[in-house]
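With positions in the sequence shown counted from 1, the corresponding number in my numbering is that position plus 12.
Beta carbons are placed, not taken as given, at the ideal position from N, Cα and C, and that holds for glycine.
Input: a single structure, listed below in structure tokens.
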Amino acid sequence: MWKRGLMLAGIFFILLSGEITHAEIEDGSTRPAEEKEHNWQVQDTYIEKVDGGDHKFTYWKNFMRHTRTCQIIHHIKVVVYYCDVHDETKTESTLIKTEHSGRHK
Ligand SMILES: [Zn+2]
Ligand SMILES: [Zn+2]
């Protein structure tokens, strides 16, 4: 549900910034070159595995209580954007999933 909320917020932001642009044009003021709009284009997309540390968990086997260490791995999707207007890059990362090496609940 939060994703939808974020999308709506994004649309609202676009509408808002669009209005600001309109107001500036009506004002008759010319915008300096460095305030030109970004032309973000996806340059690279990759998955990064980040160490999320470890934790211990217990399980029962043959009426014995065992303790094991479980490794947590975060899978992060990284998108690299490049703007040829300003010759700059930016990265956006989103957590896709968190993986546990051990089988436990
Ligand atoms: Zn830019
Ligand atoms: Zn775990």
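Ends of the beta strand (DSSP E) at residue i?
i, result
"His67", "Trp52 to Lys73"
"Glu111", "Glu100 to His112"
"Val92", "Met76 to Cys95"
With burial defined as no fewer than 16 other Cβ atoms inside 10 Å of the residue's Cβ, what is the status of residue i: buried or exposed?
i, result
"Ile37", "Note that Ile37 has pLDDT 49, beneath the 50 cutoff, so the model's placement of it is unreliable and no number is given."
"Thr101", "exposed"
"Ile108", "exposed"
Just confirm the distance between the C-beta atoms of residue i and residue j, as a whole number of angstroms; I'd bet it's less than 8 Å.
i, j, result
"Asn51", "Cys82", "Not a contact, Cβ separation roughly 44 Å."
"Phe69", "Gly114", "6 Å"
Based on the DSSP secondary-structure assignment, which residues constitute the bridge partners of residue i?
i, result
"His116", "Looking at the DSSP assignment, His116 forms no beta bridge with any residue, so it has no partner."
"Lys48", "Answer is none; Lys48 lacks a bridge partner."
For the candidate residues the options, whose alpha-carbon lies nearest to that of residue i?
i, options, result
"Thr171", "Lys117, His87, Thr103 and Lys102", "Only positions 13 to 117 of the chain appear in this structure, which leaves residue 171 out of reach."
"Val90", "Val54, Asp99, Tyr58 and Glu47", "Tyr58"
"Glu49", "Asp63, Lys117 and Asp99", "Asp99"
"Gly64", "Ile84, His116, Lys117 and Trp72", "Ile84"
"Asp56", "His78, Ser105 and Lys117", "Ser105"
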